[in-house]
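Below: the structure, in structure tokens.
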Amino acid sequence: MRTVLGLFLFVASVIFTSNVNALEGTGHNNSDNSLYVRLGGLMPITVVVNDFVDVVINDVELNKNPAINASRARVPKTYLKFQVATLVCQVTKGPCVYKGREMKDAHKHLQITEKEWYRMIVLFKEVLAKHKVSAMETHDLLAILESTKADIVTVK
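In terms of this note's numbering, the sequence shown opens at residue 1 and continues consecutively.
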């Protein structure tokens with residue numbers, strides 16, 4: 001399965017970017033405690049990713065975009081969750097290596113709007129709150145998320 005579902009890339013890039021250094025400048029990047037460590041490692045990351053992907057895939061508002069809706073059917077949800085968890089692990093400075101496509105190339109055909117972008121942010125924050133992710137880690141994850149916006153949103 002070389003082709004990655006467009007929605008997977010949308011979800012992954014909204015949460016995280018392929019720029020592993022995105023946390024620098026947030027004021028919270030402690031060299032002794034990476035965001036990966038502060039999040040608790042791979043197990044809690046996969047739990048949050050699991051819930052987030054379920055929420056996003058089933059979101060009525062996001063599925064109104066026919067390109068997003070169609071793309072989610074091309075890759076099994078389990079595979080999507082694996083890829084997103086791997087990406088999260090990598091960009092939070094964990095031991096994983098994400099081998100997916102660049103965000104801009106993966107999203108240009110989805111015609112993602114500002115409204116869809118902000119809907120994703122709302123869903124992301126809700127899942128983080130459900131899992132009691134601390135304010136500092138939420139802030140750092142949102143900084144990573146924001147660094148991907150220019151590559152993801154194509155319709156203003």
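We treat Cβ as the ideally placed atom computed from N, Cα and C, and that holds for glycine.
| Item | Value |
| --- | --- |
| For residue 113, collect the residues of the same chain with a Cβ closer than 6 Å to its Cβ; drop the 5 residues on either side in sequence, then sort them by chain order. | 155 |
| Look up residue 155 in the DSSP assignment and give the residues it is bridged to. | 113 |
| What number of angstroms, rounded off, separates the C-alpha of residue 34 from the C-alpha of residue 92? | 7 Å |
| Specify, as a first and last residue, the run of the alpha helix (DSSP H) that residue 139 falls within. | 135-146 |
| Quick check on the burial criterion: 16 or more other C-beta atoms within 10 angstroms. Buried or exposed for residue 78? | exposed |
| Going by Cα to Cα distance, which pick from 152, 36, 53 is closest to residue 108? | 152 |
| Could you pull out every unbroken alpha helix (DSSP H) segment of at least 4 residues lying fully inside the region 40-111, listed in chain order? | 42-57, 66-71, 77-91, 103-107 |
| In whole angstroms, what is the alpha-carbon distance linking residue 133 and residue 84? | 18 Å |
| Among 122, 116, 150, which residue has its Cα nearest to the Cα of residue 105? | 150 |
| Quick one: residues in its chain with C-beta nearer than 8 Å to the C-beta of residue 44, no 5 flanking neighbours on either side, listed in chain order? | 131 |
| To the nearest angstrom, how far is it from the Cα of residue 135 to the Cα of residue 128? | 10 Å |
| Which residue wins for smallest C-alpha separation from residue 65, given the options 120, 110, 141? | 110 |
| Can you give me the Cβ contacts of residue 51 inside the same chain, cut-off strictly under 8 Å, excluding the 5 residues immediately before and after it? | 127, 130, 131 |
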